[in-house]
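> Supplied in structure tokens, the structure appears directly below.
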Amino acid sequence: MAALLNVLLLVAIFHFGYAHRPTTLTDEQVLELVHLSCNDAKFFCPAERFLLKIGEQRIFNRFAVLQSEEAALLKTSDLPLTELFGVFRSTFCCTEGECLAQCNIFPINEKRIVSNFHEIYKEVFALHISEINEYQADYMEYLQNGKKNGFVPARVEELYDILHENEDQIMDLLAKKA
């Protein structure tokens, strides 16, 4: 995360004062942004056309990334730097499906209460469980603003962990209220 911030800071300083002017990223900056946007610590893998297999390793094919039309467009795009990570992720990363298996990343299925929470959150918060309700404002903020960014905030992840750990008790309470 610190490296990601350093790269962003470097690029932002380089382009200080011109939020929407072309970014003119260098090849090395493009590669660094691609790597930071798509790494296995975030459970992402290079997209199939940018994937290079060397034995058990799965890495980015630098040549394919730099020669791609997308990289050329992104180098001189008028996108704000803060939006480039989402664009890089959707372009250069595999984020779901079979291609993740190439990097030995396999999905972990969430418990039903977590995967369906967006449908039952009102009922769960109405149970007035203090450990859960302390996350209500964070979850509401996430519903209104966060989902469009594609990231789940840490506080919402904590809520999901609590729901996961206490699914049986919460589901019993919901059944009694119904």
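Going by the UniProt record's numbering, the residue at position 172 of the sequence shown is 172; the numbering climbs one at a time, nothing skipped. Glycine included, each C-beta is placed from N, C-alpha and C at the ideal position.
1. For residue 152, is the classification buried or exposed, using 16 other Cβ atoms within 10 angstroms of its Cβ as the cut-off for buried?
2. What residue range does the alpha helix (DSSP H) around residue 182 cover?
3. Please state if the CB of residue 65 and the CB of residue 34 are separated by a distance shorter than 8 Å.
4. Given this structure, state the Cα-to-Cα distance separating residue 73 from residue 46, to the nearest angstrom.
5. Check each candidate in 144, 124, 136, 143 and name the one with the smallest Cα separation from residue 166.
6. Would you mind reading off the limits of the beta strand (DSSP E) that contains residue 58?
7. Let me know the secondary structure DSSP gives residue 54 once reduced to three states.
8. Let's test the definition: count the other Cβ atoms within 10 Å of the Cβ of residue 112 and tell me whether it reaches 16, buried, or not, exposed.
From the atom records:
1. With fewer than 16 other Cβ atoms within 10 Å, it is exposed.
2. With the chain represented from 1 up to 178, any question about residue 182 goes unanswered, as that position is not in the structure.
3. Pairing residue 34 with residue 65 gives a Cβ-Cβ distance under 8 Å.
4. Roughly 19 Å between the two C-alpha positions.
5. Of the candidates 144, 124, 136, 143, the one whose C-alpha sits nearest the C-alpha of residue 166 is 124.
6. Note, residue 58: beta strand (DSSP E), 57-60.
7. Three-state DSSP puts residue 54 in a strand.
8. It counts as exposed.
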